[in-house]
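Below is one structure, written out as structure tokens; the observations come after it.
There are 2 protein chains.
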Amino acid sequence: MISEWETLARMRRQDCKIFTLDAVQRRHPIRGDESEFAVINSPAWVNIIPITRAGEVLLIRQYRHGSDSITLEIPGGLVNEGEDPAIAAQRECREETGYASGQDAILLGSHLPNPAFLNNTCYAYLWRDCMPVGAQRFDEHEEIEVLAVPMAQVDDLIKRGEIRHSLVLTAFFFYMLQNGSLQ
Amino acid sequence: MISEWETLARMRRQDCKIFTLDAVQRRHPIRGDESEFAVINSPAWVNIIPITRAGEVLLIRQYRHGSDSITLEIPGGLVNEGEDPAIAAQRECREETGYASGQDAILLGSHLPNPAFLNNTCYAYLWRDCMPVGAQRFDEHEEIEVLAVPMAQVDDLIKRGEIRHSLVLTAFFFYMLQNGSLQ
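In order, the protein sequences belong to chains A and B. The opening position of the first sequence corresponds to residue -8 in the working numbering, with each subsequent residue numbered one higher. The opening position of the second sequence corresponds to residue -8 in the working numbering, with each subsequent residue numbered one higher.
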């Protein structure tokens, strides 16, 4: 039988823009041992698979400061305080690609980016019938290139290692489980 | 055209057990704007889908300090300095489940856990023909329950939200892309 640890104290160690780092003091309820664990707190994350009227997926290329490399992803970002995750996902798509849809985004599933030390949840959406509605709107320091590719090419982009972001891969996995294939 | 930023300086902010947090000063090579970005450095991570001689997948249940909850996952962990990721994955499986195989683990693929602020890569493996070889060996504070389930049930465990760890889902996605289904 696995036990949940008791939280005794939580100390803020760092406040970064996109997350905070806490040292959390916890005790095992049965064994009684205590220790300090590093926990990164972040708001919920969202990402979204936008599909155009022509049946193409919108992918984005951008420089990423963690990997220090240019990655191929789907739109996504942080959920603002009090914001509905579906609205956040649609907002990120609109800002990062300049595309939007008159339909509502559909929740594909939610997942835990890394429960070992991250506290948050990521929500993956599908947004059908997207079309260009205006210019991209970048956050500070953002620079994003948009590519429209047939869904049937996504399998190949993953196998060739072009799409490597775990959270993006998870969104496509949810899509595949619901649709039977990446088509 | 997307540019890679130039790294000007890197300051260590925190040294936690499983990662370090840096503030990285970078400049855009064309626009010339400079800013500080939070980057978490971690060794490579591995996870592994162990399949028993009876064709069952070994899953593990454990308490996770990030999500403050008990999760259902596959074995995995950090790659030690100088360690081959395949050896690390096999070692984690042996330690966490008490199972091992005489065969070599097969690389399913590698992915980036979160290129936005994490620097590292996760390697996903498949290990066939696993059998019990001894008792589990836990790291400090670890407590792990092992479950053997038919691969055909994994789809259902994901759809019911029992398996929610993004990196574990990515390993099963790679498995599905190579095998055509979760069978």
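Idealized CB from N, CA, C, for every residue including glycine.
Within the segment 36 to 103 of chain A, complete alpha helix (DSSP H) segments of at least 4 residues are found at 76 to 88, given in chain order. Residue nearest to H56 (chain B) within the set A:R1, A:A96, A:I65 and A:S101 is A:R1 (criterion: CA-CA distance). By the CB criterion at 8 Å, L148 (chain B) and F164 (chain A) fall outside the cutoff. In the three-state scheme derived from DSSP, where H, G and I count as helix and E and B as strand, I154 (chain A) is classed as coil. DSSP, reduced to helix, strand and coil, places Q127 (chain A) outside both helices and strands of the structure shown, so it counts as coil. Looking at the DSSP output, E27 (chain B) shares a beta bridge with B:Q16.
Under the three-state reduction of DSSP, M(-8) (chain A) is assigned to coil, being neither helix nor strand.
In this structure, the CA atom of R22 (chain A) is about 14 Å from the CA atom of I135 (chain B). Taking CB atoms only, M167 (chain A) has a neighbour in chain B less than 8 Å away.
Residue range E(-3) to D6 is occupied by the beta strand (DSSP E) that includes L(-1) (chain A). When DSSP states are grouped into helix, strand and coil, A107 (chain A) belongs to the coil group. The DSSP-derived three-state label of T112 (chain A) is coil. Where L138 (chain A) is concerned, the enclosing beta strand (DSSP E) starts and stops at E136 to P141. Here the segment 37 to 49 of chain B makes no contact with the segment 83 to 91 of chain A; the two share fewer than three CB pairs at distances below 8 Å. In the three-state reduction of the DSSP assignment, L148 (chain B) falls in the helix class, which pools H, G and I.
If you check the CB distance, L109 (chain B) and I31 (chain B) come in under 8 Å. For L168 (chain B), the three-state secondary structure derived from DSSP is helix. Comparing alpha-carbon positions, the option among A:E(-3), A:T43, A:A126 and A:R44 lying closest to E27 (chain A) turns out to be A:E(-3). R119 (chain A) is positioned such that its CB atom lies closer than 8 Å to that of S92 (chain A).
Taking C-beta separations shorter than 7 Å and ignoring five residues to either side along the sequence, the partners of R3 (chain B) in its chain run T11 and D13, following chain order.
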